[in-house]
Amino acid sequence: MTGDQGRRALVVRGGWEGHVPVEATELFIPFLEKNGFEVVRADSPAPYADSAFMADVDLIVQCYTMGTIEPEEVRGLDAAIRAGTGMAGWHGGIADSFRSTSDYLHLIGGQFACHPGKDPAEWREGAEENYFVPYTVNILPEAASHPITEGIADFDLVTEQYWVLTDEYVDVLATTTQKVRPWDPWHREVTSPAIWTRRWGSGKVFVATPGHNLEVLRNDSVRTVIERGMLWASR
Numbered sequence: 087m088t089g090d091q092g093r094r095a096l097v098v099r100g101g102w103e104g105h106v107p108v109e110a111t112e113l114f115i116p117f118l119e120k121n122g123f124e125v126v127r128a129d130s131p132a133p134y135a136d137s138a139f140m141a142d143v144d145l146i147v148q149c150y151t152m153g154t155i156e157p158e159e160v161r162g163l164d165a166a167i168r169a170g171t172g173m174a175g176w177h178g179g180i181a182d183s184f185r186s187t188s189d190y191l192h193l194i195g196g197q198f199a200c201h202p203g204k205d206p207a208e209w210r211e212g213a214e215e216n217y218f219v220p221y222t223v224n225i226l227p228e229a230a231s232h233p234i235t236e237g238i239a240d241f242d243l244v245t246e247q248y249w250v251l252t253d254e255y256v257d258v259l260a261t262t263t264q265k266v267r268p269w270d271p272w273h274r275e276v277t278s279p280a281i282w283t284r285r286w287g288s289g290k291v292f293v294a295t296p297g298h299n300l301e302v303l304r305n306d307s308v309r310t311v312i313e314r315g316m317l318w319a320s321r
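Residue numbering for the sequence shown follows our numbering, beginning at 87 and increasing consecutively.
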């Protein structure tokens, strides 16, 4: 291995191209290298099935929206994290991956359900901006001293606001609340985790739901949270 601290990061990227998986992960690779990681890139989850390789991976950074994962790959991913490999990701690259594989969803602890959009009267046919809405990421008071969110105040974004389905085993650091608008079918506000962690065996998982495009990832608060989250999750 190389790097000042001898750590290895596996960057798995691909799936739906709308989340610019190559460009998005390349944004963070210099940070990983600066922090002593040898970075290995992969365009599929195939490396997860290689137990000998995964034993030497300290951090997985995954940006792979939708797509599929083979049974031996998800078993390998689960085994690696149980053994101490960390996993980190953002937006659909981790919270909307491999929708048809329940074992993966169980491992991550949250799954994208929808991103409610603007007033349909304002929609333009086929425009991704139809789903760009203003919202706030609220840092929980108990997360004020967490190494991922320490010193970060609530922040506002105009992008996709993820409504996620989660379980009570996630450790929530920040939330976002979906309002009730006149055109929505729900009748009360819905608060979803926006940043969470999850302990799995000896490993740690970090998820941030903001990150639809490079503009969002370059937001100071989003970028800081992701960078800290990667370091926190690493073995």
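Backbone N, C-alpha and C fix where the C-beta goes; we use that ideal spot for every residue, glycine too.
Exposed unless 16 or more other CB atoms sit within 10 angstroms - verdict on residue i
{"i": "Arg93", "result": "buried"}
{"i": "His298", "result": "buried"}
{"i": "Trp272", "result": "exposed"}
{"i": "Pro107", "result": "buried"}
{"i": "Tyr255", "result": "exposed"}
{"i": "Leu328", "result": "No statement about residue 328 is possible, as the shown extent of the chain runs from 87 to 321 and does not include it."}
{"i": "Lys290", "result": "buried"}
{"i": "Ala110", "result": "buried"}
{"i": "Arg274", "result": "exposed"}
{"i": "Val250", "result": "buried"}
{"i": "Val308", "result": "buried"}
{"i": "Glu228", "result": "exposed"}
{"i": "Ala319", "result": "buried"}
Residue interval of the beta strand (DSSP E) (run including residue i)
{"i": "Arg93", "result": "93-101"}
{"i": "Gly196", "result": "196-200"}
{"i": "Ile225", "result": "219-225"}
{"i": "Ala174", "result": "172-176"}
{"i": "Ala128", "result": "123-128"}
{"i": "Trp249", "result": "249-252"}
Residue i, DSSP secondary structure in three states
{"i": "Trp282", "result": "strand"}
{"i": "Asp242", "result": "strand"}
{"i": "Ile167", "result": "helix"}
{"i": "Ile155", "result": "coil"}
{"i": "Asp257", "result": "strand"}
{"i": "Ala230", "result": "coil"}
{"i": "Ala135", "result": "helix"}
{"i": "Ser188", "result": "helix"}
{"i": "Gly297", "result": "coil"}
{"i": "Gly289", "result": "strand"}
{"i": "Val160", "result": "helix"}
{"i": "Val302", "result": "helix"}
Rounded separation between residue i and residue j - CA only
{"i": "Leu226", "j": "Thr261", "result": "7 Å"}
{"i": "Asn216", "j": "Ala141", "result": "43 Å"}
{"i": "Leu317", "j": "Phe218", "result": "29 Å"}
{"i": "Asp240", "j": "Val125", "result": "32 Å"}
{"i": "Ala181", "j": "Leu259", "result": "16 Å"}
{"i": "Asp205", "j": "Lys265", "result": "13 Å"}
{"i": "Thr295", "j": "Trp176", "result": "5 Å"}
{"i": "Val276", "j": "Thr263", "result": "6 Å"}
{"i": "Thr187", "j": "Ile155", "result": "7 Å"}
{"i": "Lys120", "j": "Ala199", "result": "35 Å"}
{"i": "Glu103", "j": "Ser288", "result": "32 Å"}
{"i": "Pro157", "j": "Ile167", "result": "16 Å"}
{"i": "Ser278", "j": "Glu236", "result": "20 Å"}
{"i": "Thr252", "j": "Ala128", "result": "28 Å"}
{"i": "Arg185", "j": "His201", "result": "16 Å"}
{"i": "Ala207", "j": "Arg267", "result": "13 Å"}
{"i": "Asp144", "j": "Val311", "result": "19 Å"}
First through last residue of the alpha helix (DSSP H) which encompasses residue i
{"i": "Trp318", "result": "306-319"}
{"i": "Val108", "result": "107-120"}
Quiz prompt | Given 8 Å, three or more beta-carbon pairs between the segment 132-146 and the segment 159-173 | solution = yes
Exercise. Kindly confirm or deny that the segment 276-294 and the segment 207-214 touch, where touching means at least three C-beta pairs closer than 8 Å.
Key: no
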